[in-house]
Structure formats: structure tokens, C-alpha cells
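Undergrad:
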Amino acid sequence: MRLQDLAKQIDCIRCDQKKPAAGARRFHACHVCADCTQKLDQMPPPHRKASTAR
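Shown next as C-alpha cells:
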């Protein structure tokens, strides 16, 4: 048995794999692994529509 096998694991909602909990982010009751977190951080922010209210 390896030390990695004893570490806490999470089910990533983005890549649907079991990954180590180290570096993962939690969103309500869901988790995103460290690899997917880095990919999400590199994405540009979404474009927001300008408000039409004056």
C-alpha cells in the first residue's frame, strides 16, 4: 500500500475522476480537483452584458 492510497480523495465534478484532495476546491457539496482548478483559473472571465437600465 502506498502513502497516496491513504490520503483523502475527492470526486471531481469537472473531470469525473477520483483525485487527491490536496489543492482541491469545494463548491457547496461538490469538489473540483487541483488540476481542474488550475485550468479554470487560466480561463478568461466570462463576458457580461452591459446593463440597459438608465
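Numbering-wise, our numbering comes out as the position in the sequence shown, counting from 1, plus 171.
The beta-carbon is built from N, C-alpha and C at its ideal position, and this holds for glycine as well.
Quick test of your reading: ILE181 and HIS202, contact by CB under 8 Å. State the CB separation rounded to the nearest angstrom.
TA: By 1-based counting over the sequence shown, the position of residue 181 is 10. By 1-based counting over the sequence shown, the position of residue 202 is 31. Right, the Cβ-Cβ distance comes to about 4 Å (below 8 Å), so this counts as a contact.
Undergrad: How is GLN188 classed by DSSP in three states: helix, strand or coil?
TA: Locating residue 188 in the sequence shown gives position 17, where the first residue counts as 1. Three-state DSSP puts GLN188 in coil, outside helix and strand.
Undergrad: Report the rounded CA-to-CA distance for ALA195 versus ALA205, giving the unit in angstroms.
TA: The residue you call residue 195 lines up with position 24 of the sequence shown. The residue you call residue 205 lines up with position 34 of the sequence shown. For ALA195 and ALA205, the distance between alpha carbons rounds to 5 Å.
Undergrad: Three-state secondary structure (DSSP) at MET172?
TA: Counting from one through the sequence shown, the residue named residue 172 turns up at place 1. Confidence at MET172 is low in this model, with a pLDDT of 49, below 50, so its placement is unreliable and no value can be given for it.
Undergrad: Quick check: the Cα distance between THR208 and HIS218, rounded to an integer number of angstroms?
TA: As a working mapping, residue 208 is identified with position 37 in the sequence shown. As a working mapping, residue 218 is identified with position 47 in the sequence shown. Taking the straight line from one Cα to the other gives about 20 Å.
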